[in-house]
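Taking it in order: structure first as structure tokens, then the write-up.
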Amino acid sequence: MSDRLPPLTALRAFDAAARHMSFAQAADELNVTPAALSFQIKSLEEHLGAPVFNRLNRAVDLSDAGRAGAPGVEDGFAALASAWRNARRASDQTRLTITAGPAITALWLAPRMFSFATEHPEIELRFSASLNLVDFDRDGVDVAIRFGGGRDEGLYSKPLMTEWATPMMTPELAARVKTPADLAKLNLLHDDMSAFVRPSIGWDAWFEAAGVTAPDIHGPSFNQADHAIGAAIAGLGAIMGRATLAYGALKDGRLVMPFDLTIQPDATYRIVCPLGTETRPAVVAFIEWVERETSELDAFTKTRRFAKDDP
517 MSDRLPPLTA LRAFDAAARH MSFAQAADEL NVTPAALSFQ IKSLEEHLGA PVFNRLNRAV
577 DLSDAGRAGA PGVEDGFAAL ASAWRNARRA SDQTRLTITA GPAITALWLA PRMFSFATEH
637 PEIELRFSAS LNLVDFDRDG VDVAIRFGGG RDEGLYSKPL MTEWATPMMT PELAARVKTP
697 ADLAKLNLLH DDMSAFVRPS IGWDAWFEAA GVTAPDIHGP SFNQADHAIG AAIAGLGAIM
757 GRATLAYGAL KDGRLVMPFD LTIQPDATYR IVCPLGTETR PAVVAFIEWV ERETSELDAF
817 TKTRRFAKDD P
């Protein structure tokens, strides 16, 4: 028996029919007639010298040979599709798809996009705001900004920003706060997303670092960090604000930090992309731009007093 591969069209017909277990549905997927699909399946079986389907009354089922070959054929087409997507992305130097969490996209990336667009008008950025860990091949993403303590095995990964948190509020509320105990008189807003990082950067952790018995913590909770920041800006209460997300509001004075005591998780921001793609001109331009943009926050971080540094 020859190892020569059958025609690709015949394999494609077999793959579709094996996934649907229906010649009619496979024909619809491939936009061919059922007769044409049946002809391709028959040519594959002639090439193999054995049936790949058992024809039943108004149904089909994979034969032993079909069951043996179907998984590999499906994987093969998936690999071909992935390789083709990668080739198209590598050849397209004008578009870059970026993914990051919804909060960092809304509060950090989006306000800075005019700067990048001015520097690189030839590059069109596309954003996918999601907390899901993307598959670069499957999801068509070029670069990810990730936050957490995990490792990025098999990927290009470079540290970006150091995260930290401290009580933040409007200047009007801050005028009423002289000591950590005064915070108990305010609504204490909760960013539920902070609960996923370790060590904790929530209210309990900050009060403990301040040497104060945590009060009966009360106040609204938000499952999106940017919503919690927005509530603090609106004067609804004080928040254990994350520096990366609140930096814009701190810089323009909408939020202030009454205390210099700061707590920090082990989690960091990293910029991540598939190995080898970090040398693409558009990716290089984006990484260099992000690093310049984060330098301002790095300088601000050096002015803080961190609880872990206290004797």
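In the working numbering, the protein residues as written are 517 to 827.
Even for Gly, the Cβ is constructed at its ideal location relative to N, Cα and C.
Buried or exposed by the 16-neighbour rule on C-beta atoms within 10 Å, applied to residue i
i    : result
T819 : exposed
L623 : buried
G565 : exposed
T634 : exposed
R796 : buried
M629 : exposed
G585 : buried
G665 : exposed
A690 : buried
L521 : exposed
E561 : buried
L702 : buried
L596 : exposed
Residues near residue i by beta carbon distance below 8 Å, same chain, minus five either side
i    : result
T525 : Q556
A711 : G718
A660 : I614, T615, A616, V650, F652, I787, V788 and C789
D572 : Looking at the sequence itself, residue 572 is Leu, so the reference to Asp does not match. Result list for L572: empty, nothing under 8 Å.
H536 : A542 and E545
V645 : Here residue 645 is Ala; the residue named in the question, Val, does not match the sequence. Closer than 8 Å at the Cβ level, and outside the excluded window around A645, lie T615, A616, G617, P618, T621 and A622.
Chain-order list of residues whose beta-carbon lies under 7 Å from that of residue i (same chain, five-residue window excluded)
i    : result
L704 : W719, I733, H734, G735, G753 and A754
H636 : A801
A697 : V728
Nearest candidate by alpha-carbon position, reference residue i, set the options
i    : options                   : result
D658 : D768, A551 and A616       : A616
S538 : R786, H563, P523 and N570 : N570
V788 : K674, S598 and P522       : K674
P774 : R692, A645 and D782       : R692
A529 : D814, V713 and S559       : S559
H743 : T621, A660, L699 and A721 : T621
R821 : Q780, S811, L578 and V772 : Q780
L777 : T817, A747 and R574       : T817
D708 : A741, A823 and A765       : A741
D782 : T678, E561 and K767       : T678
L516 : L527, H563, S716 and D577 : What is shown of the chain runs 517 to 827, which leaves residue 516 out entirely.
S631 : G656, A595 and R808       : R808
R667 : Y785, T810 and A823       : Y785
Nearest-angstrom beta carbon gap, residue j and residue i [assumed within contact, 8 Å]
i    : j    : result
A534 : P550 : Between P550 and A534 the Cβ distance is about 16 Å, and since that is not below 8 Å, they are no contact.
R601 : D653 : 7 Å
A681 : G757 : 6 Å
I614 : L647 : Contact flag wrong, Cβ pair sits at about 15 Å.
F738 : H706 : 7 Å
G670 : L791 : 7 Å
M684 : A748 : 6 Å
E794 : I803 : 7 Å
Limits of the beta strand (DSSP E) - the one that residue i falls within
i    : result
P675 : L671 to T678
F663 : V659 to G664
E640 : E640 to A645
A681 : A681 to M684
I749 : From DSSP, I749 is part of no beta strand (DSSP E) but of the alpha helix (DSSP H) over A741 to I749.
P790 : T784 to P790
R611 : R611 to A616
First and last residue of the uninterrupted alpha helix (DSSP H) at residue i
i    : result
L813 : P797 to T817
E562 : P550 to L564
G757 : Segment A754 to R758 is the beta strand (DSSP E) holding G757; no alpha helix (DSSP H) there.
L546 : F539 to L546
L457 : The first residue shown for the chain is 517 and the last is 827, placing residue 457 beyond what the model contains.
L572 : From DSSP, L572 is part of no alpha helix (DSSP H) but of the beta strand (DSSP E) over F569 to L572.
A690 : P687 to A690
Sequence-distant residues of its chain with Cβ nearer than 6 Å to residue i (five each side left out)
i    : result
T686 : G751
F593 : D531
P523 : none
H563 : P522
A700 : P731
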